[in-house]
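In what follows, a structure is listed as structure tokens, so that the remarks can point back to it.
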Amino acid sequence: MAFSPDLLTDPDPPFMVQDRFEIKADVFPLGSVLNGRLEQNHFAEDRLLFSYLQKKLDVLQQHPERHRALTTDDPQGLSHALWTALQVYKREFPQLLSGHDTEVDLKHLGLRLHWDPHEIQVTQLQDHALGTQVLDHLQQQQGVTRLLDAVSLSAQEDLVVLRQDPEGGHAEALSVCFPSGWDPREKLGVGFAGIHHPVADHQRLLKASGNMMRAIFHKGPFIRFSWGLTPSPDLNAHPEHPRTLWNPLWEAEPDLLGEKIFLRMERQTTLALPELQRGLFTIRVYVNSLSKTLTRNPELRPRLHNLLSSVKPDVLEYKGMQPLKAPILRYLESHK
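Going by our numbering, the final residue of the sequence shown carries number 321, and the count climbs one at a time with no gaps.
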């Protein structure tokens, strides 16, 4: 029987926990109640699952070099970490995945994955249009790259594997189909401090980098959120991906700003794998128009106003939000 996305919940985008914006590693224990809801899972699948997976497949087929990056001298250890991510996903969403220690059925795609540390075998259990496309793609990959793509193409989340080293740790593998304005290739082999060095007003993050890396590898799991405003509705915000740009003429039509500007939220989680000297980092991206967001959650209007008002000019510039600040603040004030 074919899987129906109706078995999943409607999308429920998160929001920032604090209403004042600061560049800091604002993490919370997974299992906390944040903004009135229990945040207990690493994965947050919903009825947009197939839409996300199709977009991910398109990205990995058209520009894999932009979105998938890995470097390792321990492919078996990396494979074990990726398989662990899939086992976590299986525990959290048994309606999507089933199986045992070395075999997982992706019921929503009609595929079976059989794992050993050297290679993953993929077979088709039933006809499924998207599943067949995913199978064809995976059969063209080899080794740990096949497993990285298999994990990525089964969930709405993007994934980064961090590996511990004498300097703290570095990004060993990334499958990031929906980056928020950054290039995954530039993060490969880079530690926490290097990953966040381009971030404006990043001094606090750099001071916390040692503690953050230790937490990623030995503590947690943790959850954090990130946000931005953008005129682009696309999930994929890679710097080389064509995107809708801010048009100053829109300021003459403030009533339309709610449809033209989008709130981009990220839900990020960590999972320590100390026995593998690795940590997992998941990123779930949500993109919704301001009008849709505020119609669904009108209580966010003053919170978003406070958040945007508190962003420093250099951070606005880094996030590409400088031309949006004044018109969006006016929009939020006038549409109460």
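Each residue gets a CB set at the ideal place from its N, CA and C atoms; glycine is no exception.
Range of the contiguous beta strand (DSSP E) that encloses G153: Walking along the sequence shown from the start, residue 153 turns up at place 168. Note, G153: beta strand (DSSP E), 153 to 160.
Proximity to A29 [Cα-Cα], best of L81, E142, R53: Mapped onto the sequence shown, residue 29 falls at position 44. Among L81, E142, R53, the Cα nearest to that of A29 is on E142.
Three or more beta-carbon pairs under 8 Å between the region 0 to 8 and the region 33 to 44, yes or no? no
Cβ-Cβ distance between T130 and L67 below 8 Å: Counting from 1 along the sequence shown, the entry for residue 130 is found at position 145. Counting from 1 along the sequence shown, the entry for residue 67 is found at position 82. Going by C-beta atoms, T130 is not nearer than 8 Å to L67.
Inter-residue CB distance, P(-10) and F35 (contact presumed, cutoff 8 Å): Start at 1 with the first residue of the sequence shown, and residue -10 comes out as number 5. Start at 1 with the first residue of the sequence shown, and residue 35 comes out as number 50. Their Cβ separation, rounded to whole angstroms, is 6 Å, which keeps P(-10) and F35 in contact under 8 Å.
Relative to the alpha-carbon of H93, which residue among F(-12), L293, V2, G16 has its alpha-carbon at the smallest distance? In the sequence shown, the residue the question calls residue 93 occupies position 108. Comparing Cα-Cα distances from H93 to each of F(-12), L293, V2, G16, the minimum goes to F(-12).
Please check the pair L214 and M306, which I expect to be a contact at CB under 8 Å, by giving their CB distance rounded to whole angstroms. Counted from its first residue, the sequence shown places residue 214 at position 229. Counted from its first residue, the sequence shown places residue 306 at position 321. L214 to M306, Cβ: 5 Å. Contact.
Does DSSP put L67 in a helix, in a strand, or in coil? Sequence index remark: in the sequence shown, residue 67 carries index 82 (1-based). The answer is helix: DSSP assigns L67 an H, G or I state.
In the structure shown, what three-state DSSP assignment does W212 receive? As a position in the sequence shown, residue 212 is number 227, starting the count at 1. Here W212 sits in strand by DSSP.
Residue nearest to Q149 in terms of C-alpha spacing, selected from L96, M198, L71, E302: Position 164 of the sequence shown holds residue 149. Per the Cα distances, M198.
Relative to the C-alpha of G176, which residue among I201, G16, P164 is closest? In the sequence shown, counting from the first residue as 1, residue 176 sits at position 191. Residue I201 is the option with its Cα nearest to G176.
Looking only at its own chain, which residues have a Cβ that is under 6 Å from the Cβ of T229, when we skip the five neighbours before and after it? Within the sequence shown, residue 229 is the residue found at index 244, counting from 1. P216, S217.
Taking the CB atoms as reference points, tell me whether R252 and F210 lie closer together than 8 Å. Position 267 of the sequence shown, counting from 1, holds the residue named residue 252. Position 225 of the sequence shown, counting from 1, holds the residue named residue 210. Yes.
Cutoff 6 Å; reference R97; Cβ partners in own chain excluding five residues on either side: The residue you call residue 97 lines up with position 112 of the sequence shown. Within the same chain, R97 has close Cβ partners D90, T108, L110.
Can you tell me which of the three DSSP states N26 falls into? Translated into positions along the sequence shown, residue 26 becomes position 41. Assignment of N26 by DSSP, reduced to helix, strand and coil, places it in the coil class.
For I208, which of L23, Y316, D(-3), I246 has the nearest alpha-carbon? Indexing the sequence shown from 1 puts residue 208 at position 223. Nearest of L23, Y316, D(-3), I246 to I208, Cα basis: L23.
Q324, DSSP secondary structure in three states: The first residue shown for the chain is -14 and the last is 321, placing residue 324 beyond what the model contains.
DSSP bridge partner residues for E88 (one or two, in chain order): Within the sequence shown, the letter at position 103 stands for residue 88. Answer is H85, H99, bridged to E88.
Using 8 Å for Cβ pairs, my map puts C162 next to H52. What's the rounded Cβ distance? One-based indexing of the sequence shown puts residue 162 at position 177. One-based indexing of the sequence shown puts residue 52 at position 67. The Cβ separation is near 5 Å, so the contact holds.
Where DSSP assigns a beta bridge to L147, which residues make up the other side? Sequence index remark: in the sequence shown, residue 147 carries index 162 (1-based). DSSP, once it has assigned bridges, lists A156, G264 as partnering L147.
Secondary structure of S165, DSSP reduced to three states: In the sequence shown, counting from the first residue as 1, residue 165 sits at position 180. Strand at S165.
Tell me whether P218 sits in a helix, a strand or coil according to DSSP, three-state version. In the sequence shown, residue 218 corresponds to position 233, counting from 1. Three-state DSSP puts P218 in coil, outside helix and strand.
If you follow the beta strand (DSSP E) that V107 is part of, which residue opens it and which one closes it? Here residue 107 refers to the residue found at position 122 when the sequence shown is read from its first residue. If you look at V107, you'll find it in the beta strand (DSSP E) that goes 104 to 109.
Per the DSSP calculation, V270 is bridged to which residue(s)? Position 285 of the sequence shown holds residue 270. Looking at the DSSP assignment, V270 forms a beta bridge with E251.
What is the rounded straight-line gap between the Cα of D101 and the Cα of A70? As a working mapping, residue 101 is identified with position 116 in the sequence shown. As a working mapping, residue 70 is identified with position 85 in the sequence shown. Going by the C-alpha atoms only, they are around 15 Å apart.
Close-in-space but distant-in-sequence residues of the same chain around I313 (CB under 7 Å, 5 per side omitted): Along the sequence shown, one-based indexing puts residue 313 at 328. For I313, where only same-chain residues beyond five positions count, the Cβ hits under 7 Å are L214, L242, I246, L293.
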